[in-house]
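Structure first, then comments.
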Amino acid sequence: SGSVETAVGSLARLKQRQDEQDAKLEAAEELASQSSGSDLERRLQDAGIGAKSGGAEDVLARLKAKNQTPAQ
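Last residue of the sequence shown: number 72 in full-length UniProt numbering, and the count goes up by one each step with no gaps.
Following this line, the structure appears as structure tokens:
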């Protein structure tokens, strides 16, 4: 029926607009994170670099844990 096709088309357009809006918001958040430097700080911290990476004992513990993980 024509009204069902119209409704399905409207739903598809709404979903596409929502997906586009979500992508824009995600991109804006990423840009804000990069411009504030928090993205770089997070990546450095994930790599074990930075002020919050801990002391020598923490570094040794990370290295030991890294050596104990099986090679892939």
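Don't be surprised by glycine CBs; every beta carbon is placed ideally from N, CA and C.
*Could you check what DSSP says for Ser1 in three-state terms: helix, strand or coil?*
Taking the sequence shown and counting its residues from 1, the one referred to as residue 1 is at position 1. Coil at Ser1, not helix or strand.
*So what's Thr6 in DSSP terms, helix, strand or just coil?*
Position 6 of the sequence shown holds residue 6. DSSP places Thr6 in helix when its eight states are reduced to three.
*Reduced DSSP category for Ala47 - H, G, I as helix; E, B as strand; rest coil*: Within the sequence shown, the letter at position 47 stands for residue 47. Looking at Ala47 - three-state DSSP - the assignment turns out to be coil, as it is neither helix nor strand.
*Would you kindly work out how many angstroms separate the C-alpha atoms of Ala56 and Gly37, rounded to a whole number?*
Counting from 1 along the sequence shown, the entry for residue 56 is found at position 56. Counting from 1 along the sequence shown, the entry for residue 37 is found at position 37. If you take the alpha carbons of Ala56 and Gly37, they lie about 26 Å apart.
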